[in-house]
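All remarks here apply to the structure that follows.
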Amino acid sequence: MSLGRCLGLVVAVAAAALVAVPLSNLRVGPRWQRVMFNQVVLSSRKPQELKPSEVPVVTIWYGKPPVWEYVLMQATAEANRLFVLTDVPEMIDRGSAGNIVFVDARKMIKASDAFFAGGATPENNGTYYWKMGFKEPYETWNSRRFWVLYEFMKLYDLDVVFFSDSDVAVLANVTETFWAQYKDCDSAIGFEGTGPSKDQPQTFSSLLWTGWAGSGYLRRRVLKDWLDFDYSMYKKEHLPILFYKSKRKPYVCDMSLWYLFAVATNNFPDAWPEVQAMNAGELPKVPRNWTLCNTINETSGRSHFDHKQGFNYYKFSLNSSGTATYFNRVLNQTVQLLSLHFQGQTKSWAPRVVAKYLPGLKVWPGNPATTSTSTRAPSPVPSPVPSPVSPVRWTGREVPVVTIWYGKPPVWEYVLMQATAEANRLFVLTDVPEMIDRGSAGNIVFVDARQMINASDAFFAGKATPENNGTYYWKMGFKEPYETWNSRRFWVLYEFMKLYDLDVVFFSDSDVAVLANVTETFWAQYKDCDSAIGFEGTGPSKDQPQTFSSLLWTGWAGSGYLRRRVLKDWLDFDYSMYKKEHLPILFYKSKRKPYVCDMSLWYLFAVATNNFPDAWPEVQAMNAGELPKVPRNWTLCNTINETSGRSHFDHKQGFNYYRFSLNSSGTATYFNRVRNQTVQLLSLHFQGQTKSWAPRVVAKYLPGLKAWPG
1 MSLGRCLGLV
11 VAVAAAALVA
21 VPLSNLRVGP
31 RWQRVMFNQV
41 VLSSRKPQEL
51 KPSEVPVVTI
61 WYGKPPVWEY
71 VLMQATAEAN
81 RLFVLTDVPE
91 MIDRGSAGNI
101 VFVDARKMIK
111 ASDAFFAGGA
121 TPENNGTYYW
131 KMGFKEPYET
141 WNSRRFWVLY
151 EFMKLYDLDV
161 VFFSDSDVAV
171 LANVTETFWA
181 QYKDCDSAIG
191 FEGTGPSKDQ
201 PQTFSSLLWT
211 GWAGSGYLRR
221 RVLKDWLDFD
231 YSMYKKEHLP
241 ILFYKSKRKP
251 YVCDMSLWYL
261 FAVATNNFPD
271 AWPEVQAMNA
281 GELPKVPRNW
291 TLCNTINETS
301 GRSHFDHKQG
311 FNYYKFSLNS
321 SGTATYFNRV
331 LNQTVQLLSL
341 HFQGQTKSWA
351 PRVVAKYLPG
361 LKVWPGNPAT
371 TSTSTRAPSP
381 VPSPVPSPVS
391 PVRWTGREVP
401 VVTIWYGKPP
411 VWEYVLMQAT
421 AEANRLFVLT
431 DVPEMIDRGS
441 AGNIVFVDAR
451 QMINASDAFF
461 AGKATPENNG
471 TYYWKMGFKE
481 PYETWNSRRF
491 WVLYEFMKLY
501 DLDVVFFSDS
511 DVAVLANVTE
521 TFWAQYKDCD
531 SAIGFEGTGP
541 SKDQPQTFSS
551 LLWTGWAGSG
561 YLRRRVLKDW
571 LDFDYSMYKK
581 EHLPILFYKS
591 KRKPYVCDMS
601 LWYLFAVATN
611 NFPDAWPEVQ
621 AMNAGELPKV
631 PRNWTLCNTI
641 NETSGRSHFD
651 HKQGFNYYRF
661 SLNSSGTATY
671 FNRVRNQTVQ
681 LLSLHFQGQT
691 KSWAPRVVAK
701 YLPGLKAWPG
């Protein structure tokens, strides 16, 4: 582990400065910590301290709600955390009531003013929402809700929520249902079946086009792609498709766009020939084929969410425990309804229908404080950090490279930066004023990381403090403080990804030249991985996995694809490993160099997420305690596998490999004698004392690099 490898630490607070606000109002770092900054305590808590695996329900209400809406809110909140995004001052001022939290959505609504302006303006570049729904302006608001929802999820860094129409009573615990039925879906909404048995998929030519997200699990990254798709559908080259839909009620609405999005993401492959036959233009491209599951499938035999007045179904029943059922005559069995949709003129029926469930609901609007039945104590919702402007315009598929540099860089670091930037967008998170002031140079963007570093001050304080609740990072590396900075880089990286709402980045050590186009490599080799880092093999052929007892414990993320949701779980895991019940495991590792460092924690995280199942017996045999629980089993692929026969990233001075070659196109290769074949290196790692070799080694690639700093 090299000195320079560790020196690469920088933090990026991104171009938006944090504003001093009251104690509980600002969220910056991990959820457990509070940090003193400019004499203001910055609290990073998510709304109502959401648990890592918890899926909240979110609904949106515009204008003063009628009685039935309050009834449905509390029915939903019996088994769930419910966030009501609203513009009603009285609700906003109240803050919360039991499991119900009222959130000020006024700025969230304004964020989409340009697109919903009703005409071409300089702000929307001539592309705007057309009112083509059956009932306007209601259909416009139905579409706009998802723009508001995305602002909420982005501001509070939520990966997945259950979105509920305001006329829905959610009876099920949506968190339990998610992990039991929908965890493998990218999102899950309602696709109405056709035919007598409702078991046939919709056809494009039918003009039904219903994808109902009013009782659905929405992941933020999918919602972002939907917003881009929604916007693109109103460009002149795609508008004819919407004009085609306007032949049938409800004409064009949010459900139409969700169905078209499902077609574009290959969830209805049979629809493509009909799209082409229509001869009205192509659908906008979506960068990823998301798997959209069906929440309202009545033919699966499983419980499902209600989309059409399920309380009118045959033999409907609702008991006092909130369990709703009906008898499905096609399947000849009783099926549970996880929600009730009071569609159309039946909204006012809500108090009467749910009376068997919560008889006190009908009086709730008059005195909500005394009739709320939830036993959970309310807590305030922090105001979000102002959303920064993205540093550059992104393409949907692009994966940027991010590196971190702390302190003034030497010449070789500039060389590696520009070598990486030949084929990639490179963000350098730094605390160096000269670099920050420069802003950018070609494909290189310098980002002010000083506040991003400050966000983790409490955990890296080196001692127990009130701010870290007695849990703090222990320096147990071979070369300190460099190993401490190596671990801290990932805390800084998470702040950057959160501020700029990035789903995946390629993280590069500061002593790495990334030769490959990491976006193309990601989509070709790693798109199905939750993240991808380097796991060193053992044995003469490097084809044996590491063992726990070997104390090798290396998971090298210095040339790896990191998704933000995985990185967030790693931060929680890293923090938990320094609690007294888990520290003995780290003391056990301190027997072998490089002792305890970021690579040790990445390996243990891989064990905890079941990527090394053979290690579990050894963990238990060590008798030094259990590893912290990780809420999800992430699939971590290997970026440095030398035995796969594929190209791979370099982790150990690949320029010293047998028959190494680097041509002027930036293609590096070596001859793998074990496999008897030539293999491409996608990067070069100038580890240890070889950092100063960088200008000479890459001279064949970019001979002008060595003069760039001047």
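The C-terminal residue of the sequence shown carries number 710 in the UniProt record's numbering, and the numbering is unbroken.
For glycine and all other residues, C-beta sits at the position ideal for the given N, C-alpha and C.
What you are looking at is a predicted structure, and each value in this text was computed from that prediction instead of being measured.
{"Check": "Buried/exposed call for Q418, threshold 16 Cβ in 10 Å", "Outcome": "buried"}
{"Check": "Neighbour flag for Y670 against chain C, beta carbons, 8 Å", "Outcome": "This model lacks chain C altogether; it includes just one protein chain."}
{"Check": "Short Cβ contact (8 Å threshold) for K347 with D167", "Outcome": "yes"}
{"Check": "Reference K591; option with closest CA among M476, Y326, P545 and Q200", "Outcome": "M476"}
{"Check": "Segment contact, 8 Å Cβ cut-off, at least three pairs: the region 204-211 with the region 92-103", "Outcome": "no"}
{"Check": "Whether Y128 touches A120 by CB criterion (8 Å)", "Outcome": "yes"}
{"Check": "Rounded straight-line distance, which links the Cα of D228 to that of F490", "Outcome": "29 Å"}
{"Check": "Own chain, CB closer than 8 Å to V607, minus 5 neighbours either side, in chain order", "Outcome": "F548, A615, W616, V619 and L627"}
{"Check": "Beta-carbon separation (whole angstroms), K700 vs L662, contact threshold 8 Å", "Outcome": "5 Å"}
{"Check": "Secondary structure of N294, DSSP reduced to three states", "Outcome": "strand"}
{"Check": "Residue of F649, S600, R81 and E536 minimising C-alpha distance to Y561", "Outcome": "F649"}
{"Check": "Span separating the alpha-carbon of W570 from that of G126", "Outcome": "43 Å"}
{"Check": "Cut-off 6 Å between Cβ atoms - residues of its own chain near D306, not counting five sequence neighbours on either side", "Outcome": "L337, S339, L340 and H341"}
{"Check": "Contact belief for A557 with F507 at Cβ below 8 Å, rounded distance in angstroms", "Outcome": "6 Å"}
{"Check": "Rounded distance between the beta-carbons of N443 and A421, thought under 8 Å", "Outcome": "4 Å"}
{"Check": "Neighbourhood of G462 by C-beta, 8 Å cutoff - its chain only, sequence neighbours within 5 removed", "Outcome": "Y472, Y473 and K475"}
{"Check": "A621 versus R632 - alpha carbon distance", "Outcome": "24 Å"}
{"Check": "For V518, the residue or residues it bridges with in DSSP", "Outcome": "None; V518 has no bridge partner."}
{"Check": "Within the region 91-166, ranges of the beta strand (DSSP E) (whole runs, at least 3 residues)", "Outcome": "100-104 and 160-164"}
{"Check": "Spatial distance of G301 from Y313 (CA atoms)", "Outcome": "15 Å"}
{"Check": "Cβ-based burial, S487 [other Cβ within 10 Å; buried from 16]", "Outcome": "buried"}
{"Check": "Buried/exposed call for V330, threshold 16 Cβ in 10 Å", "Outcome": "exposed"}
{"Check": "Exposure of G310, with buried meaning 16 or more beta-carbon neighbours within 10 Å", "Outcome": "buried"}
{"Check": "Whole-number beta carbon distance between R220 and Y156, since they are thought to touch under 8 Å", "Outcome": "Y156 to R220, Cβ: 10 Å. No contact."}
{"Check": "Opening and closing residue of the beta strand (DSSP E) in which Q677 lies", "Outcome": "Q677 to L681"}
{"Check": "Local conformation of W212 per DSSP, three classes", "Outcome": "strand"}
{"Check": "Extent of the continuous beta strand (DSSP E) to which L604 belongs", "Outcome": "Not the beta strand (DSSP E): L604 falls in the alpha helix (DSSP H), residues D598 to A608."}
{"Check": "Extent of the continuous beta strand (DSSP E) run through R563", "Outcome": "G555 to R563"}
{"Check": "Buried or exposed (CB count within 10 angstroms, at least 16 for buried), F427", "Outcome": "buried"}
{"Check": "Between the CA atoms of L239 and L85 - distance to the nearest angstrom", "Outcome": "31 Å"}
{"Check": "Inter-residue Cα distance where the pair is S321 and Q343", "Outcome": "23 Å"}
{"Check": "Candidates K579, Y500, K589 and T678, of which the one nearest S644 by Cα", "Outcome": "T678"}
{"Check": "Euclidean distance between Cα positions of L702 and M132", "Outcome": "55 Å"}
{"Check": "DSSP-derived helix/strand/coil call for N266", "Outcome": "coil"}
{"Check": "Residues bridged to R288 [DSSP beta-bridge criterion]", "Outcome": "Paired residues: none, contrary to the question."}
{"Check": "Beta strand (DSSP E) segment containing A188, residue limits", "Outcome": "S187 to F191"}
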